[in-house]
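Undergrad:
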Amino acid sequence: MLRTPLLAAARSPRARAVVQQLPPTRALVERFVAGEGLDDAVAVTDELVGAGRRITLDHLGEDTRDAAQAAETAAAYERLLGALKETGLAERAEVSVKLSAVGQFLGADGERVALDNARRICAAAADAGTTVTLDMEDHTTTDSTLGIARELRADFPWLGVVLQAYLHRTEADCADFAGPGSRVRLCKGAYQEPASVAYQSKREVDLSYVRCLKQLMRGEGYPMVASHDPRMIRIAGQLAQWNNRKADTFEYQMLYGIRPDEQQRLVDTGATMRIYLPYGGEWYGYFMRRLAERPANLAFFLRALATK
Ligand code: FDA
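Per UniProt numbering, residue 1 is the first one in the sequence shown, and the count goes up by one each step.
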């Protein structure tokens, strides 16, 4: 019931100003975000890698409205990838990029700006010996993001993309992206979408997730199972077995701060477990989507507010 207003608040500058001032916000944000600086990101990456996890780092930011900020975001990724290379963490840590943060919405030129900036990030990743995955935002960006992904993959064939099971179109996209060498991160989807493009009930989204997983596990690419849902995780394991996939031909992924015990259990089975680790000052939209996903996250936040 609260999902809709929370996702609307995620896009509202006025709600952003209020939430960022609330005293308990910082403590809760720290459950989901590594910190604001590059050093925080590298320190938490090092700790998690030491505990057997792989990492994908997200320099927080979305809806960038000017070219200088988009270029600065690309530069921040270059600095991050330089640090991963220097510390030897690049072997186990890659990066995730939102195209809106590198210029996708900058008017008529936006796609070209985003493509150029994403290319810079991919070149830095190649130099560091690691990979990049493009995050997926709301459905109005899907065609543009997949188009940019196809262009980049001509030079960087290891580039990964996120597909969202709640969209009606995604089964077909999975078929398109299940070819040799492709890396697809399959998630359920975190935005507020209309019934014309997206399944609305959890049951329909879960059924779609399983159909998409079947495509990816049957295919010749590298499926990345991004879910905290015990059922999806169990089904992914069964599908991997039925398709004779070895542990190094697919991976599980979860968000930082969510179900750490389950993350450890999967590591202990010998599975590859990658953590999506955001860092940076622009945490508001990411944080609000996490509150919208789970009533328990919101209840924790409200309890903290009430005890202040
Ligand atoms: P869902 O939210 O349906 O929950 C199902 C069950 O999982 C729950 O009943 C519970 O058992 C368990 N569970 C879920 N959250 C829990 C918690 N906090 N604590 C304990 N148990 C919990 N979205 C998007 O639109 N674009 C993107 O690019 C990405 N990228 C991305 C990367 C990665 C690595 C992940 C893991 C997720 C994303 N997402 C995303 C977010 C994704 O779309 C989705 O909103 C969340 O992962 C929540 O969906 P779940 O599949 O976890 O299950």
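A virtual CB, placed ideally from N, CA and C, is assigned to each residue, including glycine. Being a predicted model, the structure only gives us computed values, none of them experimental.
1. Scan the segment 214–247 and note each continuous alpha helix (DSSP H) run of 4 residues or more that stays entirely inside, going in chain order.
2. When the Cα atoms are used, what is the spatial distance from Asp109 to Leu99?
3. Does the beta-carbon distance from Ala101 to Ala128 come in below 7 Å?
4. For Leu298, verify whether its CB is less than 6 Å away from any heavy atom of ligand 1.
5. Shortest alpha-carbon distance to Ala17 belongs to which of Ala296, Thr170, Tyr284 and Val42?
6. Can you tell me which of the three DSSP states Arg16 falls into?
7. Specify whether the segment 245–259 and the segment 270–279 touch according to this definition: at least 3 beta carbon pairs, one from each stretch, less than 8 Å apart.
8. For ligand 1, I want to know if Ala226 counts as a neighbour, meaning its beta carbon is within less than 6 Å of at least one of the ligand's heavy atoms.
9. Find out if the Cβ-Cβ distance for the pair Glu171, Arg211 is shorter than 7 Å.
10. Can you look up Tyr276 in the DSSP assignment and give me helix, strand or coil?
11. Where does the unbroken beta strand (DSSP E) through Met254 begin, and where does it stop?
12. For Ala190, is the beta carbon positioned less than 6 Å from some heavy atom of ligand 3?
13. Give the C-beta separation of residue 310 and Gly179 to the nearest angstrom, bearing in mind that I take them to be a contact with Cβ-Cβ under 8 Å.
14. Kindly examine ligand 1 and report whether one of its heavy atoms sits closer than 6 Å to the Cβ of Asp176.
15. When the Cα atoms are used, what is the spatial distance from Asp268 to Gln241?
16. Answer yes or no: the CB of Glu111 versus the heavy atoms of ligand 1, is any distance below 6 Å?
17. Under DSSP, the alpha helix (DSSP H) around Leu152 begins and ends at which residues?
18. If we ignore side chains and look at the alpha-carbon of each, how far apart do Cys122 and Tyr77 end up?
19. Alpha helix (DSSP H) containing Glu94: first to last residue?
20. Grouping DSSP H, G and I as helix and E and B as strand, with all else coil, what is Ile121?
21. Less than 6 Å between the CB of Asp229 and some heavy atom of ligand 1, yes or no?
22. Suppose you measure from the CA of Ala71 to the CA of Glu62; what does that come to, to the nearest Å?
23. Run the CB neighbour count on Arg92, radius 10 Å, all protein chains shown included, and call it buried at 16 or more, exposed below.
24. Would you call Thr140 buried or exposed, if buried means 16 or more other Cβ atoms sit within 10 Å of its Cβ?
25. Taking 6 Å as the cut-off, is the beta-carbon of Ile258 closer than that to any non-hydrogen atom of ligand 1?
26. Below 8 Å on the Cβ atoms is my guess for Leu163 versus Phe177; work out the distance and round it to an integer in Å.
27. So if DSSP puts Leu134 in a beta bridge, which residue, or which two residues, is it bridged to?
TA: Checking against the coordinates, here is how it stands:
1. 230–242
2. 13 Å
3. no
4. no
5. Tyr284
6. helix
7. yes
8. yes
9. yes
10. strand
11. Glu251 to Leu255
12. Ligands displayed in this structure: ligand 1; ligand 3 is not among them.
13. Any question about residue 310 goes unanswered here, given that the chain covers just 1 to 308.
14. no
15. 17 Å
16. no
17. Thr142 to Asp155
18. 10 Å
19. First-last for Glu94: Ala93 to Val97, but that is the beta strand (DSSP E), not the alpha helix (DSSP H).
20. helix
21. yes
22. 13 Å
23. buried
24. exposed
25. yes
26. 7 Å
27. Val97 and Val161
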